[in-house]
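See structure below.
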Amino acid sequence: MRLELYKAVDKTPNMKDYDSVYESFQWEDTFDHFSWSKTGQYNMAYECIDKHVEEGYGEHVALKYRDKNVEASYTFKDIMIESNKAANIFRNQADVTKGDRVFIFMNRSPELYFALFGILKLGAIAGPLFEAFMEKAVTDRLENSEAKVVITTNELLNRIPHNKLPNLEKIIVIDDEVNASNDVLDYYEYYDSADETFDIEWLKKDDGLILHYTSGSTGQPKGVLHVQQAMVQHYITGKYVLDLKEDDVFWCTADPGWVTGTSYGIFAPWLNRVTNVVFGGRFSPEAWYETLEKYDVTVWYSAPTAFRMLMNAGDELVHHYDLSSVRHILSVGEPLNPEVIKWGNNVFKKRIHDTWWMTETGAHMICNYPSMDIRAGSMGKPVPGIQAAIIDHQGNELGPNQMGNLAIKKGWPSMMHTIWNNEAKYNSYFVDDTWYISGDSAYKDEDGYYWFQGRVDDVIMTAGERVGPFEVESKLVEHPKVAEAGVIGKPDPIRGEIIKAFIALRDGYETSDELKEEIRVFVKEGLAAHAAPREIEFKDKLPKTRSGKIMRRVLKSWELDLPTGDLSTIDDD
Ligand code: PRX
Numbered sequence: 312m313r314l315e316l317y318k319a320v321d322k323t324p325n326m327k328d329y330d331s332v333y334e335s336f337q338w339e340d341t342f343d344h345f346s347w348s349k350t351g352q353y354n355m356a357y358e359c360i361d362k363h364v365e366e367g368y369g370e371h372v373a374l375k376y377r378d379k380n381v382e383a384s385y386t387f388k389d390i391m392i393e394s395n396k397a398a399n400i401f402r403n404q405a406d407v408t409k410g411d412r413v414f415i416f417m418n419r420s421p422e423l424y425f426a427l428f429g430i431l432k433l434g435a436i437a438g439p440l441f442e443a444f445m446e447k448a449v450t451d452r453l454e455n456s457e458a459k460v461v462i463t464t465n466e467l468l469n470r471i472p473h474n475k476l477p478n479l480e481k482i483i484v485i486d487d488e489v490n491a492s493n494d495v496l497d498y499y500e501y502y503d504s505a506d507e508t509f510d511i512e513w514l515k516k517d518d519g520l521i522l523h524y525t526s527g528s529t530g531q532p533k534g535v536l537h538v539q540q541a542m543v544q545h546y547i548t549g550k551y552v553l554d555l556k557e558d559d560v561f562w563c564t565a566d567p568g569w570v571t572g573t574s575y576g577i578f579a580p581w582l583n584r585v586t587n588v589v590f591g592g593r594f595s596p597e598a599w600y601e602t603l604e605k606y607d608v609t610v611w612y613s614a615p616t617a618f619r620m621l622m623n624a625g626d627e628l629v630h631h632y633d634l635s636s637v638r639h640i641l642s643v644g645e646p647l648n649p650e651v652i653k654w655g656n657n658v659f660k661k662r663i664h665d666t667w668w669m670t671e672t673g674a675h676m677i678c679n680y681p682s683m684d685i686r687a688g689s690m691g692k693p694v695p696g697i698q699a700a701i702i703d704h705q706g707n708e709l710g711p712n713q714m715g716n717l718a719i720k721k722g723w724p725s726m727m728h729t730i731w732n733n734e735a736k737y738n739s740y741f742v743d744d745t746w747y748i749s750g751d752s753a754y755k756d757e758d759g760y761y762w763f764q765g766r767v768d769d770v771i772m773t774a775g776e777r778v779g780p781f782e783v784e785s786k787l788v789e790h791p792k793v794a795e796a797g798v799i800g801k802p803d804p805i806r807g808e809i810i811k812a813f814i815a816l817r818d819g820y821e822t823s824d825e826l827k828e829e830i831r832v833f834v835k836e837g838l839a840a841h842a843a844p845r846e847i848e849f850k851d852k853l854p855k856t857r858s859g860k861i862m863r864r865v866l867k868s869w870e871l872d873l874p875t876g877d878l879s880t881i882d883d884d
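If you want the working numbering, it's the 1-based position in the sequence shown plus 311.
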């Protein structure tokens, strides 16, 4: 039985003609949509939630949540009240104020979303942490950001090494039967008496919004700070790229620990006032098809690895579900391969639309639009307001069909504002203070379509998740039997890439399958499950530069059976 009748959504795309919109578009033309265009005061939480209540949409369903135990539905008014209570509790019990970093370390639940808007209403900066992170990953991020408060659950609490984090003042646990102490607070102890109203902290356009940690090829994960004005781009790409309309039911499958799960799992749908579906359980093809059917999802945003896993489950399964409500499907995070597009055409009778962007860009950059002729394998064309180019190492623009660095002209609304505590790293992204260099290589064809070629650095994209080899290598060498470790992405038909580690053992230790497993578990339990190498190969020695840096390029050549090239030309850095 359907929960409610599916309301047919107008199928005419919001953007009817890409070329003319692209030509004439100005970011300023969208400002009227936001209350700050009149008041000069910003707050993402207001634009996503409270504004809709004030404008008479309080009873509109904002969130439909399900996991294996729970099914619940919340209106915009419900979320307004719940986030007001959260804001009051965070302020009164943990003294959270504007600019503080408050992290959320929770599995997907409605409370995660209430807590996030509570943080934003206080003008604090929200830091989402993926639930699979183990102690080292959690510690590095809380330390670097000097987080003041963490919101978590009983299950994840013991991964937060409170005593090693001098800036961390309070941990607030949203759960049943919390073992509270001076610094560990029980959210529900304060919940009933918490006021349902809250005066939102008004901010400027450059004030902090969200801090996402992401990986590069060197160094620890870096904190990418996004600011309030990012909402301009979240809103407009929600409208033009996701094609969100009044009666849509939208499902973004990404976790809010990653940027897709916030920019498009939270902000874009709610800025566009649509119903947002959140599925909190583990992936299974049955549960996913059921979610699409049960909620009459109309717009669905996921990733190639997930599509490939569904594809592997077979087409027969699909026939058990009525998926006819789905009108628009999008993909992000990895190259969208032709087999997946073909599968989408067969199963959904729909073209899957690829979108390209990154944590640092904060929102869509290059996309396929419902109104556009799609070239299978191409990421599409720049979002209106975005100027993209293929450039060489000196910053010169290259012509059609020439491969180079994919770059974006600096200054779009959702561009990262800084790298937390690392101005030099931030500056290193830009050439001539003009072009943002993505780290991806690509080319543009004669008609302006962009084609992804690969990463120019060693960053690994595994199952759509970005993993920095350095973070994994650092964990590996903490293992008492590991002397040296080098980590690469190895091509994989389902996950895009898997993590492969080459390891040299300390003297006196024998290689064995048991030891491989021991090392894998060591990373899984110390860092994160998705960062644990799926493959390990022991070597007597690893190739290094004269200064001792492991040459991942050579490891990759070994793996792919390619010539290793002239090793003497490798930079000695
Ligand atoms: O290599 C590109 C790949 O994902 C990287 C960004 O990862 P992250 O910051 O975790 O953000 C992921 C989702 C926003 C990019 O540098 N990537 C992203 N989208 C695509 C892609 N690769 C190929 N095709 C895409 N559509």
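C-beta atoms are modelled at their ideal positions from N, C-alpha and C, and glycine is treated no differently.
The structure displayed is predicted, hence computed values, not measured ones.
Over the uninterrupted beta strand (DSSP E) stretch that includes residue i, give me the two end residues.
i: PRO804; result: Note, PRO804: premise wrong, no beta strand (DSSP E); not H, not E.
i: ILE663; result: 663-667
i: ILE462; result: 460-463
i: TYR612; result: 610-613
i: ASN716; result: 715-720
i: VAL643; result: 639-643
i: VAL484; result: 481-484
i: MET772; result: 771-773
i: TRP562; result: 560-563
i: LEU496; result: 495-497
Closer than 7 Å: is that where the CB of residue i sits relative to any heavy atom of the ligand PRX?
i: VAL570; result: yes
i: PRO780; result: no
i: MET714; result: no
i: LEU647; result: yes
i: PHE763; result: yes
i: ARG777; result: yes
i: ARG686; result: no
i: THR525; result: yes
i: THR727; result: Sequence inspection shows Met at residue 727; the Thr mentioned does not correspond to that position. False, no ligand heavy atom lies under 7 Å from that Cβ.
i: MET690; result: yes
i: TRP668; result: yes
i: MET772; result: yes
i: GLY625; result: no
i: SER682; result: no
i: GLY591; result: no
i: GLY369; result: no
i: VAL767; result: no
i: ASP803; result: no
What residues are listed by DSSP as bridge partners for residue i?
i: ASP758; result: Looking at the DSSP assignment, ASP758 forms no beta bridge with any residue, so it has no partner.
i: PHE741; result: TYR747
i: TYR376; result: ALA383, VAL589
i: CYS678; result: THR666, LYS692
i: TYR524; result: GLY534
i: PHE336; result: Beta-bridge pairing links PHE336 to no other residue.
i: LEU514; result: TYR353
i: PHE444; result: ALA839
i: GLU848; result: PHE813
i: ALA437; result: VAL413, ILE521
i: ALA700; result: ALA718
i: ALA753; result: GLY715, PHE763
i: GLY797; result: PHE813
Pop quiz: residue i and residue j are said to be a contact at Cβ under 8 Å. What is the actual Cβ separation, rounded to whole angstroms?
i: ASP517; j: VAL538; result: 5 Å
i: ILE830; j: LEU787; result: 7 Å
i: PRO472; j: GLY779; result: No, PRO472 and GLY779 are not in contact; Cβ-Cβ is about 21 Å, not under 8 Å.
i: THR548; j: VAL694; result: 6 Å
i: PRO615; j: LEU647; result: 5 Å
i: TRP611; j: TYR353; result: Actually they are not in contact, since the Cβ atoms of TRP611 and TYR353 sit about 30 Å apart, beyond 8 Å.
i: ALA839; j: MET445; result: 6 Å
i: THR609; j: SER635; result: THR609 to SER635, Cβ: 10 Å. No contact.
i: TYR385; j: ALA398; result: The pair is not a contact, with the Cβ atoms about 17 Å apart (cut-off 8 Å).
i: LEU555; j: PRO596; result: Not confirmed; about 26 Å, so no contact.
i: ILE809; j: ASP803; result: 4 Å
Go to residue i, then tell me how far its alpha helix (DSSP H) extends in each direction, as first and last residue.
i: GLY429; result: 421-432
i: ALA598; result: 596-605
i: ASP626; result: 626-629
i: GLY869; result: Just to set this straight, residue 869 is Trp in the shown sequence, not Gly. Run containing TRP869: 863-871, per the alpha helix (DSSP H) assignment.
i: GLU776; result: No alpha helix (DSSP H) holds GLU776; the beta strand (DSSP E) holding it covers 776-778.
i: ILE547; result: 542-551
i: PHE659; result: 649-659
i: TRP581; result: 579-582
Report yes or no: is there a C-beta of chain C within less than 8 Å of the C-beta of residue i?
i: GLY576; result: As a matter of chain content, chain C is missing from the structure shown, which is built from one protein chain.
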